[in-house]
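>
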């Protein structure tokens, strides 16, 4: 089955997580992605050695790519870089702002020389503004953007437990590249796209930001919801934590009537509306907690399910691994096959994703040099 981006050539001067996520999504969609690595390799190769002596980060982010080692201080490697750009449809890079220009390749010049090229530059704070020259990594932006201030429990801020800044930035870059390719198909014009990790998180922080601006700054409440109640974790009699989510008054009445078998709480003025439940959160949560504490997990889950109440177990990574809805795929690596979760988008009736390989450092250097330089 033909993949959507087959025939698209991507040159990616990438490292760490954000740009490699963009490149991996392009590769998943069928683009040919040539990953340019410094002689010592993408430093994400050394983040850990957990997957048969290899980095789980690198395996996750780099399937389906070709690895070519270049040193852009070297004249011969510059020739290769220029030859690749001359034939590329997309160029992705996440060097520090100004680094590419210091190597003799200002992004504006690249775009001027190759007007059909879709170029996407990923950075911490963008290439202008007071913080443009700062180094930026995922956790730094979680802190700087205020994300950590609304994450965790009351005593202290917390890091989101995955690289949410890098991943979100990489996915926003991917969608912007797709938009630019669609425009190019009708206009013939490429694009010079700039995307920053800080701007990405400011976008994700829109609701708490606006809440604060309009007089109700959010506070940390762990696995609860600042705007809804009951929405949180309650422990059953047999010590199983279950998270329930009541989104509206109709669901609250269903919870009281069909699960608790206490319909009077559904119309009690203290709990009948969402604002009332928020105003009386301790009493609301106390009522729910008391019911869960008196019931074991399996019968409680059966009643929640029958009443069409949204709920979930609070799993750890082993719970995820055993989850009946987890779909996995196998990728080839130089040390043997490794299993990964499949991408979330399913194309019904089509199998677009094959088990791609994760490249060894420089595995495609000679072949690519021969192809593009002769």
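Residue numbers (this note's numbering): 1305 to 1678. For glycine and all other residues, C-beta sits at the position ideal for the given N, C-alpha and C.
(1) Give the DSSP-derived three-state secondary structure of residue 1575 in the structure shown.
(2) With distances taken from CA atoms, which of 1565, 1562, 1531 is nearest residue 1552?
(3) Got a sec? Which residues, its chain only, sit under 8 Å from residue 1321 by beta carbon, not counting five neighbours each side?
(4) Give the straight-line distance between the Cα atoms of residue 1368 and residue 1437, rounded to the nearest whole angstrom.
(5) Taking the DSSP output, what are the residues bridged to residue 1545?
(6) What are the partner residues of residue 1634, as DSSP defines its beta bridges?
(7) Is the region 1456-1463 close to the region 1512-1527, with three or more CB pairs under 8 Å?
(8) Between 1483, 1324, 1547, which has its C-alpha nearest residue 1619's C-alpha?
(9) Is the region 1415-1427 close to the region 1335-1348, with three or more CB pairs under 8 Å?
(10) Give every residue of the same chain whose Cβ lies closer than 6 Å to the Cβ of residue 1585, excluding the five residues on either side of it in the sequence, and list them in chain order.
(11) DSSP state of residue 1564, grouped into three classes?
(12) Residues in its own chain within less than 6 Å of residue 1640 by CB, not counting five upstream and five downstream?
(13) Taking the straight line between their C-alpha atoms, what separation do you get for residue 1653 and residue 1631?
(14) Jot down the residue ranges of each uninterrupted beta strand (DSSP E) in the region 1480-1546, minimum 3 residues, whole runs only, in chain order.
(15) Suppose you measure from the CA of residue 1604 to the CA of residue 1353; what does that come to, to the nearest Å?
(16) So, helix, strand or coil for residue 1621, using DSSP?
(17) Is it the case that the region 1488-1497 contacts the region 1421-1428, given that we only count it when at least three CB pairs across the two stretches are under 8 Å?
(18) At what residues does the alpha helix (DSSP H) containing residue 1448 begin and finish?
(19) Between residue 1637 and residue 1363, is the Cβ-Cβ spacing less than 9 Å?
(20) Go through its chain and collect everything with a Cβ distance to residue 1310's Cβ below 8 Å, but skip five positions before and after it.
Let me lay it out:
(1) coil
(2) 1531
(3) 1348, 1361, 1365, 1442, 1467, 1470, 1471, 1474
(4) 32 Å
(5) 1539
(6) 1643
(7) yes
(8) 1547
(9) no
(10) 1533
(11) coil
(12) 1356
(13) 17 Å
(14) 1495-1500, 1535-1539
(15) 42 Å
(16) helix
(17) yes
(18) 1442-1448
(19) yes
(20) 1334, 1335
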